[in-house]
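**Student:**
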């Protein structure tokens, strides 16, 4: 039996809850099989109770990611004294901190109980073992702290190694770093973490760029053979890491997806699609369109709201034929987000008073950012082209050397006067040709990496900014139409006497005001998402420096390898004196 202590919010009285530990040694496959532990923890962390305040002098243990002077939440300090001592026997690995960021989305040092239960279940340990781990880390205060989580992760790792659950495992640990547990794919936990964070503070996106990228990664490759009896078309193989799915799609399927998403999410950023070129689509056009479609899907699958939608899930997972028509039939008449999102009811409370003015300022800022990134992209494209041209020049240079090396040698010393320079050069040029070809290949590799790591990343952010501009344009058109509709109803409403008509018009006006507020709230969130994606510039600058350092260093090494050869193309003078065979 185990007891948890709670304090009621209303009466602040202490009471106890006894929880039996299940004796069976059964493997946990899902949350339902671990229902008794989840139910107990849920009761401990429900909104109807609050934890008892503890010792304010306690400190969190050996997490070097925290400041020494950082103070823990006052709710949790009493239990962290002993836990800090327990964790003093091993350093906290980065994986533990990653888990903390996921299961404690509020960053208030109180681990969300639902997240913790899901985390334990992912270990696939027997239910009895998980109950024993909970008994060891339970602070008896209805929640789990950062140190308690670290302790639980260490015990899970020890249990997966076949060791019995005990605090002594941590106390007697002699290694430098605590063991890392095996918890499998954490995508669902990350998604739940984002949702909880958004619910806690709906006016803050509160996401990092790395968290957004972790939502999903979509790859698109060309299907080798074109399909169609008469009109050939290109098909794409779409792979979603999150959904673990591989499907084939046509360009028109992407068009249908975009139309449905614009219908349901007119208040969100929906990226543009690349143009459709029916006749004369060369390989370069097809490749550029493939990259653009990949960016399109990744932006959608990493969107905090759209990534959860059934329309996108259908597109990424449906394996049947005639996708575009079946998708349209399946989601025919779908309601837009205003009619399906619970936040729409309280949108007025989520919109700051000066939102309209702030939006005007931000739109102007985004125009400047777009122009700046567009210039960066054009410069990066020139860098890529220069390296491609450098590669082509080196290739031609090597071919000319090879051609000269294969030309006729000195048949007699009539012209050379006994000078053997040309024969030495012919031999050296044959050796130089493959080495110069290596330089050409190095420039090709550098250009390819610059295109993937710099140009494509800049294009991704430009796609975001373009989608943001389209969103703001939609809001502007909506606002104009709303004002025109309101002004056209003012005079007839003043002269109307039928209370039913007046009431209906008032309700319509209120509904439009709510829709306007929800639109502004969504734009506020999308603006924060754009700022999150600005981390792309960090990636671009890092890639630029790394590629130039690595690429030019490699090219420099290739040139240095030629130095011994070019310095000995001609033997040193004075070794032998050529003599002429021509009679004087």
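In the numbering used here, the protein residues as written are 8 to 591. The beta-carbon is built from N, C-alpha and C at its ideal position, and this holds for glycine as well. Given the structure is predicted, the values throughout are model-derived calculations rather than measurements.
How long is the line joining the alpha carbons of residue 441 and residue 456, rounded to whole angstroms?
**Tutor:** Stepping through the chain shown from its first residue, residue 441 is reached at position 434. Stepping through the chain shown from its first residue, residue 456 is reached at position 449. Taking the straight line from one Cα to the other gives about 23 angstroms.
**Student:** Terminal residues of the continuous beta strand (DSSP E) containing residue 247?
**Tutor:** Within the chain shown, numbered from 1, the residue matching residue 247 stands at position 240. First-last of the beta strand (DSSP E) with residue 247: 242-247.
**Student:** Quick check on the burial criterion: 16 or more other C-beta atoms within 10 angstroms. Buried or exposed for residue 541?
**Tutor:** Residue numbering aside, residue 541 sits at position 534 when the chain shown is read from its first letter. Exposed, because fewer than 16 other Cβ atoms sit within 10 Å of the Cβ of residue 541.
**Student:** Where does residue 197 sit, in a helix, a strand or coil, going by DSSP?
**Tutor:** For this step, residue 197 is matched to residue 190 along the chain shown. It is helical.
**Student:** With a threshold of 16 other CB atoms inside 10 Å of the CB of residue 530, please say whether the residue is buried or exposed.
**Tutor:** The residue given as residue 530 occupies position 523 in the chain shown. By the neighbour-count rule (16 or more Cβ atoms within 10 Å), residue 530 is buried.
**Student:** In angstroms with no decimal places, state the Cα-to-Cα distance between residue 109 and residue 196.
**Tutor:** Numbered from its first residue, the chain shown carries residue 109 at position 102. Numbered from its first residue, the chain shown carries residue 196 at position 189. C-alpha separation (whole angstroms): 7 angstroms.
**Student:** Around the Cβ of residue 141, are there at least 16 other Cβ atoms within 10 angstroms (buried) or fewer (exposed)?
**Tutor:** Reading the chain shown from its first residue, position 134 is the one you call residue 141. Residue 141 comes out buried.
**Student:** Rounded C-beta distance between residue 152 and residue 223? I'm assuming under 8 angstroms.
**Tutor:** To locate residue 152, count along the chain shown from 1; it is residue 145. To locate residue 223, count along the chain shown from 1; it is residue 216. Not really, about 31 angstroms apart at Cβ, beyond 8 angstroms.
**Student:** What's the C-alpha gap between residue 357 and residue 528?
**Tutor:** Here residue 357 refers to the residue found at position 350 of the chain shown. Here residue 528 refers to the residue found at position 521 of the chain shown. In a straight line, the C-alpha of residue 357 is about 6 angstroms away from that of residue 528.
**Student:** May I ask you to report which of helix, strand or coil DSSP gives residue 447?
**Tutor:** Here the question's residue 447 lines up with position 440 in the chain shown. In this structure, residue 447 counts as helix in the three-state DSSP scheme.
**Student:** According to DSSP, simplified to helix, strand and coil, what is residue 360?
**Tutor:** Translated into the one-based positions of the chain shown, residue 360 becomes position 353. The answer is coil: DSSP assigns residue 360 none of H, G, I, E or B.
**Student:** Express the C-alpha separation of residue 313 and residue 136 in angstroms, rounding to a whole number.
**Tutor:** Indexing the chain shown from 1 puts residue 136 at position 129. Indexing the chain shown from 1 puts residue 313 at position 306. Distance between the alpha carbons of residue 136 and residue 313 is about 38 angstroms.
**Student:** Helix, strand or coil for residue 147? Go by DSSP, reduced to three states.
**Tutor:** For the purposes of this step, residue 147 is taken as the residue at position 140 of the chain shown. Of the three classes helix, strand and coil, the one that applies to residue 147 here is coil, per DSSP.
**Student:** So, is residue 575 buried or exposed, given that buried needs 16 or more other C-beta atoms within 10 angstroms?
**Tutor:** Locating residue 575 in the chain shown gives position 568, where the first residue counts as 1. Flag for residue 575 reads exposed.
**Student:** Please report the straight-line C-alpha distance between residue 523 and residue 486, rounded to a whole angstrom.
**Tutor:** Within the chain shown, the letter at position 516 stands for residue 523. Within the chain shown, the letter at position 479 stands for residue 486. So the alpha carbons of these two residues sit roughly 8 angstroms apart.
**Student:** Determine the DSSP secondary structure at residue 252, reduced to helix, strand or coil.
**Tutor:** Here the question's residue 252 lines up with position 245 in the chain shown. Three-state result, residue 252: strand.
**Student:** Identify every residue that forms a DSSP beta bridge with residue 229.
**Tutor:** Within the chain shown, the letter at position 222 stands for residue 229. In the DSSP output, where bridge partners are listed per residue, residue 229 has 243.
**Student:** On a CA-only basis, which of 459, 488 and 426 is nearest residue 577? Give me that one, please.
**Tutor:** Here residue 577 refers to the residue found at position 570 when the chain shown is read from its first residue. Per the Cα distances, 426.
**Student:** Which residues share a DSSP beta bridge with residue 204?
**Tutor:** As a first step, residue 204 is located in the chain shown; it is residue number 197 there, counting from the start. According to DSSP, which records beta bridges pairwise, residue 204 is partnered with nothing at all.
**Student:** Contact criterion: CB-CB distance below 8 angstroms. Does residue 227 meet it with respect to chain C?
**Tutor:** The structure shown contains no chain C, having only a single protein chain.
**Student:** Do the stretch 389-408 and the stretch 457-472 meet, that is, are 3 or more Cβ pairs less than 8 angstroms apart?
**Tutor:** yes
**Student:** Do the CB positions of residue 327 and residue 333 come within less than 8 angstroms of each other?
**Tutor:** By one-based count along the chain shown, residue 327 stands at place 320. By one-based count along the chain shown, residue 333 stands at place 326. In this structure, residue 327 places its C-beta atom within 8 angstroms of the C-beta atom of residue 333.
**Student:** Check this for me: beta carbons of residue 126 and residue 190, under 8 angstroms apart or not?
**Tutor:** Numbered from its first residue, the chain shown carries residue 126 at position 119. Numbered from its first residue, the chain shown carries residue 190 at position 183. A contact, by the Cβ cut-off of 8 angstroms.
**Student:** Indicate, with yes or no, if the ligand FAD has a heavy atom lying under 7 angstroms from the CB of residue 477.
**Tutor:** As for the ligand FAD, it is missing from this structure, which has no ligand bound.
**Student:** Leaving out five residues before and five after residue 551 in sequence, what residues of the same chain have Cβ atoms less than 7 angstroms from its Cβ?
**Tutor:** Residue numbering aside, residue 551 sits at position 544 when the chain shown is read from its first letter. Taken in chain order, the residues that qualify are 461.
**Student:** For a quick check, are the C-beta atoms of residue 203 and residue 119 less than 8 angstroms apart?
**Tutor:** Against the chain shown, residue 203 aligns to sequence position 196. Against the chain shown, residue 119 aligns to sequence position 112. In this structure, residue 119 lies closer than 8 angstroms to residue 203 by Cβ.
**Student:** Per DSSP, which residues does residue 98 bridge with? Please list them.
**Tutor:** For the purposes of this step, residue 98 is taken as residue 91 along the chain shown, with counting starting at 1. In the DSSP output, where bridge partners are listed per residue, residue 98 has 184.
**Student:** Between the C-alpha atoms of residue 31 and residue 138, what's the straight-line distance to the nearest angstrom?
**Tutor:** Within the chain shown, numbered from 1, the residue matching residue 31 stands at position 24. Within the chain shown, numbered from 1, the residue matching residue 138 stands at position 131. Note on residue 31: pLDDT 40, under 50, position unreliable in the model; the coordinate value appears next. Between residue 31 and residue 138, the C-alpha separation is close to 11 angstroms.
**Student:** Please determine if the stretch 374-381 and the stretch 465-475 are in contact, where contact requires at least 3 C-beta pairs separated by less than 8 angstroms.
**Tutor:** Cβ pair count under 8 angstroms is three or more, so yes.
**Student:** Does the distance from the C-beta atom of residue 227 to that of residue 300 stay below 8 angstroms?
**Tutor:** If you number the chain shown from 1, residue 227 lands on position 220. If you number the chain shown from 1, residue 300 lands on position 293. Cβ atoms of residue 227 and residue 300: closer than 8 angstroms.
**Student:** Can you check whether the CB of residue 265 is closer than 8 angstroms to the CB of residue 277?
**Tutor:** Here residue 277 refers to the residue found at position 270 of the chain shown. Here residue 265 refers to the residue found at position 258 of the chain shown. In this structure, residue 277 places its C-beta atom within 8 angstroms of the C-beta atom of residue 265.
**Student:** Residue 165: buried (16+ other C-beta within 10 angstroms of its C-beta) or exposed?
**Tutor:** By one-based count along the chain shown, residue 165 stands at place 158. Residue 165 comes out buried.
**Student:** Please classify residue 144 as buried or exposed, where buried requires at least 16 other C-beta atoms within 10 Å of its C-beta.
**Tutor:** Here residue 144 refers to the residue found at position 137 when the chain shown is read from its first residue. Result: buried.
**Student:** Using only CA atoms, which one of 557, 514, 371 and 383 lies nearest to residue 450?
**Tutor:** Numbered from its first residue, the chain shown carries residue 450 at position 443. Of the candidates 557, 514, 371 and 383, the one whose C-alpha sits nearest the C-alpha of residue 450 is 557.
**Student:** When DSSP builds the beta bridges, which residues end up paired with residue 118?
**Tutor:** Residue 118 sits at position 111 when you count from the first residue of the chain shown. 151.
**Student:** Could you work out which residue in 443, 386, 241 and 168 is closest to residue 561 when comparing CA atoms only?
**Tutor:** Residue mapping note: residue 561 aligns to position 554 of the chain shown, counting from 1. Per the Cα distances, 443.
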